[in-house]
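The structure appears below as C-alpha coordinates.
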Amino acid sequence: MEIKTPAACRTYVEAELAAFTSAHPGWHAARSVLEPRDPLSWTIGLDTPVSASWYGVQADMNRRELLVWFGNHRTGAGSIHWIMRPAVHVAFDDLRPRSDAVGLPYSLSDILGEMVNSLGNKRVAVMRYDLNSESLT
(Lines of atoms letter the chains of each structure in order from A and count residues from 1; the text may use other names and numbers.)
(Lines give C-alpha, C1' and ligand atoms only; values in the text may rest on other atoms or scores of the structure.)
Protein backbone atom coordinates (compact mmCIF):
# COMPACT_ATOMS: atom_id res chain seq x y z
CA MET A 1 0.00 0.00 0.00
CA GLU A 2 1.24 3.46 -0.79
CA ILE A 3 1.42 5.44 2.45
CA LYS A 4 3.75 8.33 1.77
CA THR A 5 2.82 11.02 4.29
CA PRO A 6 1.86 11.13 7.98
CA ALA A 7 -1.57 12.48 6.94
CA ALA A 8 -2.13 9.52 4.59
CA CYS A 9 -1.03 7.14 7.33
CA ARG A 10 -3.41 8.71 9.86
CA THR A 11 -6.29 8.50 7.39
CA TYR A 12 -5.55 4.83 6.62
CA VAL A 13 -5.09 3.74 10.24
CA GLU A 14 -8.16 5.57 11.52
CA ALA A 15 -10.34 4.07 8.75
CA GLU A 16 -8.99 0.59 9.56
CA LEU A 17 -9.56 1.08 13.30
CA ALA A 18 -13.15 2.16 12.58
CA ALA A 19 -13.65 -1.00 10.50
CA PHE A 20 -12.08 -3.13 13.25
CA THR A 21 -14.19 -1.69 16.09
CA SER A 22 -17.42 -1.95 14.10
CA ALA A 23 -16.69 -5.64 13.43
CA HIS A 24 -15.69 -6.39 17.06
CA PRO A 25 -18.30 -5.13 19.55
CA GLY A 26 -16.88 -4.09 22.90
CA TRP A 27 -13.55 -2.96 21.47
CA HIS A 28 -12.63 0.70 21.15
CA ALA A 29 -9.79 2.62 19.52
CA ALA A 30 -8.54 6.18 19.96
CA ARG A 31 -5.51 8.35 19.41
CA SER A 32 -2.99 7.63 22.12
CA VAL A 33 -2.53 10.25 24.79
CA LEU A 34 -0.25 8.06 26.92
CA GLU A 35 2.67 8.03 24.47
CA PRO A 36 3.51 11.65 23.67
CA ARG A 37 6.67 10.90 21.63
CA ASP A 38 4.84 10.06 18.45
CA PRO A 39 1.72 11.76 17.10
CA LEU A 40 0.94 8.65 15.00
CA SER A 41 -0.05 6.29 17.78
CA TRP A 42 -3.35 4.80 18.86
CA THR A 43 -4.65 2.52 21.60
CA ILE A 44 -7.09 -0.35 21.17
CA GLY A 45 -8.82 -1.80 24.19
CA LEU A 46 -11.67 -3.97 25.33
CA ASP A 47 -14.55 -2.34 27.19
CA THR A 48 -14.20 -3.95 30.59
CA PRO A 49 -14.21 -2.03 33.86
CA VAL A 50 -11.35 -4.07 35.34
CA SER A 51 -9.02 -4.03 32.35
CA ALA A 52 -6.06 -1.66 32.31
CA SER A 53 -4.49 -3.32 29.29
CA TRP A 54 -4.53 -2.53 25.62
CA TYR A 55 -2.85 -2.93 22.28
CA GLY A 56 -0.98 0.01 20.84
CA VAL A 57 -0.59 0.85 17.15
CA GLN A 58 2.33 3.06 16.25
CA ALA A 59 3.33 4.22 12.78
CA ASP A 60 7.01 4.46 11.91
CA MET A 61 7.22 6.55 8.76
CA ASN A 62 11.01 6.14 8.50
CA ARG A 63 10.83 2.35 8.47
CA ARG A 64 7.53 2.39 6.55
CA GLU A 65 5.77 0.08 8.98
CA LEU A 66 3.12 -0.16 11.64
CA LEU A 67 3.95 -1.68 15.02
CA VAL A 68 1.14 -3.36 16.93
CA TRP A 69 2.40 -3.47 20.51
CA PHE A 70 0.94 -6.17 22.74
CA GLY A 71 0.19 -3.68 25.47
CA ASN A 72 1.33 -1.41 28.21
CA HIS A 73 0.40 -1.69 31.82
CA ARG A 74 -0.94 0.81 34.32
CA THR A 75 -0.18 -0.11 37.92
CA GLY A 76 -0.01 1.56 41.29
CA ALA A 77 -1.71 4.65 42.57
CA GLY A 78 -2.27 6.50 39.32
CA SER A 79 1.23 5.90 38.04
CA ILE A 80 2.14 4.32 34.73
CA HIS A 81 4.82 1.67 34.53
CA TRP A 82 5.86 0.81 31.00
CA ILE A 83 6.67 -2.83 30.41
CA MET A 84 8.53 -3.87 27.27
CA ARG A 85 6.19 -5.97 25.18
CA PRO A 86 6.68 -7.67 21.84
CA ALA A 87 5.17 -6.15 18.73
CA VAL A 88 3.89 -7.32 15.38
CA HIS A 89 5.66 -5.45 12.55
CA VAL A 90 3.47 -4.73 9.53
CA ALA A 91 5.25 -3.19 6.54
CA PHE A 92 3.24 -0.67 4.56
CA ASP A 93 4.16 -2.60 1.41
CA ASP A 94 2.50 -5.75 2.80
CA LEU A 95 -0.88 -4.13 3.36
CA ARG A 96 -3.81 -4.55 1.02
CA PRO A 97 -4.19 -3.39 -1.67
CA ARG A 98 -0.85 -4.60 -2.98
CA SER A 99 0.50 -3.77 -6.40
CA ASP A 100 1.84 -7.32 -6.89
CA ALA A 101 0.54 -10.84 -6.36
CA VAL A 102 3.13 -11.73 -3.69
CA GLY A 103 2.08 -12.16 -0.09
CA LEU A 104 -1.21 -12.36 1.70
CA PRO A 105 -3.78 -9.64 1.09
CA TYR A 106 -4.46 -8.33 4.60
CA SER A 107 -5.45 -4.94 5.89
CA LEU A 108 -4.65 -3.58 9.35
CA SER A 109 -8.18 -4.38 10.53
CA ASP A 110 -7.73 -8.01 9.35
CA ILE A 111 -4.51 -8.31 11.34
CA LEU A 112 -6.07 -6.81 14.47
CA GLY A 113 -9.04 -9.15 14.07
CA GLU A 114 -6.72 -12.17 14.01
CA MET A 115 -4.96 -10.90 17.11
CA VAL A 116 -8.14 -10.44 19.15
CA ASN A 117 -9.60 -13.72 17.90
CA SER A 118 -6.46 -15.46 19.17
CA LEU A 119 -7.33 -14.41 22.72
CA GLY A 120 -9.88 -17.24 22.77
CA ASN A 121 -7.21 -19.86 22.00
CA LYS A 122 -5.83 -22.03 24.74
CA ARG A 123 -2.22 -21.20 25.51
CA VAL A 124 -0.84 -24.67 24.90
CA ALA A 125 0.95 -24.90 21.53
CA VAL A 126 -1.22 -22.21 19.92
CA MET A 127 -0.07 -18.76 18.87
CA ARG A 128 -1.82 -16.17 20.95
CA TYR A 129 -1.51 -12.39 20.92
CA ASP A 130 -2.27 -11.55 24.52
CA LEU A 131 -3.19 -8.12 25.68
CA ASN A 132 -0.84 -7.04 28.41
CA SER A 133 -1.39 -9.09 31.54
CA GLU A 134 -1.74 -7.80 35.06
CA SER A 135 1.81 -8.89 35.88
CA LEU A 136 3.78 -6.98 38.50
CA THR A 137 7.02 -7.02 36.52
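So the sequence shown is numbered by the numbering used here: it starts at -14 and just counts up by one. Glycine is no exception: its CB is placed at the ideal position from the N, C-alpha and C atoms.
Nearest C-alpha to T6 among D95, N106, S103 and K107: D95. Ranked by Cα distance from V75, the options V101, T28 and M46 are led by M46.
Straight across, the Cα-Cα distance linking E50 with V(-2) is about 12 Å. Per DSSP, T(-4) is one residue of the alpha helix (DSSP H) stretching across P(-9) to A8. A direct Cα-to-Cα measurement between V53 and P24 gives close to 15 Å. Here S26 is bridged, per DSSP, to Q43. In the structure shown, E99 adopts helical secondary structure according to DSSP, grouped into three states.
One alpha carbon belongs to I29, the other to Y40, and they sit about 5 Å apart.
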